[in-house]
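Visitor: Encoded as structure tokens, here's the structure I'll be asking about.
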Ligand code: GLU
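In the numbering used here, the protein residues as written are -5 to 296.
Structure (structure tokens):
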């Protein structure tokens, strides 16, 4: 085992895995295994209202049917509230996190800047303290300045955090910890050295790096893979009704994911056994062959 490389796959149990999830799983798995690294699995079930009953089990069964072998037990975010609360307490005592009383409507009425990933950049209303007579509904992290990083596939990227995102939520008004906090705390806790995931998460990365810096964590390496889209150019997702993977015939779907990732798949591999397919993929994995295109319309491996 290469102790220096530890990757992960972190699905949210909001529905079954689809061809886009498979590309992310295959990319992170092969990057880890081809370097004799570890590959961990984390179930991102922190956003409980979005969890779909039975989806987590279905995801685990599908990953098994596709021949993925993860190291150690699955980490469930729903068991991690204490760790997230500790991180929030650390940020509060450092004066980096503050209580925010604003409702969605108040933000919409006062925010003038669109945020980089949709929505509105928080205008900073409660930065200087809660308005008189108001209670904190959520907790936000103060952001400042420009944050740049180098992605192994996408190259150099930077965001002006205050303009592009605004002070972002750590603890939501409904009492749940936000995705950005949970992911950052867990990647550090699990000792992840390499994050390989879909480019749909690229805009979140500067926020996660900012949090790592605020919490004194190490910064992992990042590689954001091209996103699989359907014939209409939409990212495959539950919202765009992406078909679930078929756990009964993994090899052709695996081969399609490898082709999507630019791998020079030999003819006939779709007729190979599952273990043969993985043996070929691990032995021949070429990171440099992955297309960096953030969105490749129509190039669905489904
Ligand atoms: N849970 C996230 C998702 O399913 C992935 C988070 C990550 O890879 O950092 O989109």
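Backbone N, C-alpha and C define an ideal beta-carbon position, used for all residues, glycine too.
#1: Is the beta carbon of residue 92 sitting closer than 9 Å to the one on residue 98?
#2: Does any heavy atom of the ligand GLU sit closer than 8 Å to the C-beta of residue 116?
#3: Comparing alpha-carbon positions, which option in 56, 259 and 75 lies nearest residue 166?
#4: So if I measure from each beta-carbon to every heavy atom of the ligand GLU and keep distances below 6 Å, which residues remain?
#5: In the structure shown, what three-state DSSP assignment does residue -1 receive?
#6: Whole angstroms are fine: how far does the CA of residue 43 sit from the CA of residue 212?
#7: From which residue to which residue does the alpha helix (DSSP H) around residue 276 run?
#8: Helix, strand or coil: which one does DSSP assign to residue 310?
#9: What number of angstroms, rounded off, separates the C-alpha of residue 145 from the C-alpha of residue 126?
#10: Rounded to whole angstroms, what's the CA-CA distance from residue 279 to residue 1? Just pull it up for me.
#11: To the nearest angstrom, report how far apart residue 189 and residue 141 are at their CA atoms.
#12: What number of angstroms, rounded off, separates the C-alpha of residue 37 from the C-alpha of residue 243?
#13: Hey, which unbroken runs of the beta strand (DSSP E) at 3 residues or more fall wholly within the stretch 111 to 168?
#14: Can you give me the start and stop residues for the beta strand (DSSP E) that residue 33 sits inside?
#15: Considering Cα atoms alone, identify which of 245, 89 and 112 is closest to residue 208.
#16: Counting along the chain, where does the alpha helix (DSSP H) carrying residue 197 start and finish?
#17: Thinking just about the alpha-carbon of each residue, which of 170, 28 and 7 is nearest to the one in residue 55?
#18: Whole angstroms is fine: what's the gap from residue 67's alpha carbon to residue 119's?
#19: Please name the residue, chosen from 282, 172 and 219, that lies closest to residue 132 on a Cα-to-Cα basis.
#20: List the DSSP bridge partners of residue 218.
#21: For residue 89, does the three-state DSSP call read helix, strand or coil?
#22: For residue 238 and residue 158, which I take to be in contact (beta-carbon distance under 8 Å), what is that distance rounded to the nearest angstrom?
#23: On a Cα-Cα basis, can you pick out the residue from 265, 252 and 69 that is closest to residue 285?
#24: Quick one: grab the DSSP three-state call for residue 99.
Guide: Taking the definition as stated:
#1: Counted from its first residue, the chain shown places residue 92 at position 98. Counted from its first residue, the chain shown places residue 98 at position 104. Judged by beta-carbon spacing, residue 98 lies beyond the 9 Å limit of residue 92, meaning their Cβ atoms are not closer than that value.
#2: Taking the chain shown and counting its residues from 1, one reaches residue 116 at position 122. False, no ligand heavy atom lies under 8 Å from that Cβ.
#3: Taking the chain shown and counting its residues from 1, the one referred to as residue 166 is at position 172. With distances taken between Cα atoms, residue 166 lies closest to 75.
#4: 4, 5, 6, 38, 177, 191 and 195
#5: Residue numbering aside, residue -1 sits at position 5 when the chain shown is read from its first letter. Residue -1 falls in the coil class under three-state DSSP.
#6: Translated into the one-based positions of the chain shown, residue 212 becomes position 218. Translated into the one-based positions of the chain shown, residue 43 becomes position 49. Between residue 212 and residue 43, the C-alpha separation is close to 31 Å.
#7: As a working mapping, residue 276 is identified with position 282 in the chain shown. Its alpha helix (DSSP H) spans residues 268 to 278.
#8: Because the chain spans -5 through 296 in this model, residue 310 falls outside it and cannot be assessed.
#9: Taking the chain shown and counting its residues from 1, the one referred to as residue 145 is at position 151. Taking the chain shown and counting its residues from 1, the one referred to as residue 126 is at position 132. Distance between the alpha carbons of residue 145 and residue 126: 44 Å.
#10: Residue 279 sits at position 285 when you count from the first residue of the chain shown. Residue 1 sits at position 7 when you count from the first residue of the chain shown. In this structure, the alpha-carbon of residue 279 lies about 15 Å from that of residue 1.
#11: On the chain shown, residue 189 is found 195 positions in, with the first residue counted as 1. On the chain shown, residue 141 is found 147 positions in, with the first residue counted as 1. Between the C-alpha atoms of residue 189 and residue 141 there is a straight-line separation of about 18 Å.
#12: Start at 1 with the first residue of the chain shown, and residue 37 comes out as number 43. Start at 1 with the first residue of the chain shown, and residue 243 comes out as number 249. Roughly 24 Å between the two C-alpha positions.
#13: DSSP runs (the beta strand (DSSP E)) wholly in the stretch 111 to 168: 132 to 135, 140 to 145, 149 to 154 and 162 to 165.
#14: The count along the chain shown starts at 1 and reaches residue 33 at position 39. Run containing residue 33: 32 to 37, per the beta strand (DSSP E) assignment.
#15: Residue mapping note: residue 208 aligns to position 214 of the chain shown, counting from 1. Of the listed residues, the one whose Cα sits closest to residue 208 is 89.
#16: Walking along the chain shown from the start, residue 197 turns up at place 203. No alpha helix (DSSP H) holds residue 197; DSSP gives it neither H nor E.
#17: Position 61 of the chain shown holds residue 55. Of the candidates 170, 28 and 7, the one whose C-alpha sits nearest the C-alpha of residue 55 is 7.
#18: As a working mapping, residue 67 is identified with position 73 in the chain shown. As a working mapping, residue 119 is identified with position 125 in the chain shown. Residue 67 and residue 119 have their C-alpha atoms some 42 Å from each other.
#19: Position 138 of the chain shown, counting from 1, holds the residue named residue 132. Checked all of 282, 172 and 219; the closest Cα to residue 132 is 172.
#20: Translated into the one-based positions of the chain shown, residue 218 becomes position 224. Paired residue(s): 191.
#21: Against the chain shown, residue 89 aligns to sequence position 95. Here residue 89 sits in coil by DSSP.
#22: Counting from 1 along the chain shown, the entry for residue 238 is found at position 244. Counting from 1 along the chain shown, the entry for residue 158 is found at position 164. About 34 Å separates the two Cβ atoms, so there is no contact after all.
#23: Position 291 of the chain shown holds residue 285. The residue with the shortest Cα to Cα distance from residue 285 is 252.
#24: For this step, residue 99 is matched to residue 105 along the chain shown. Helix at residue 99.
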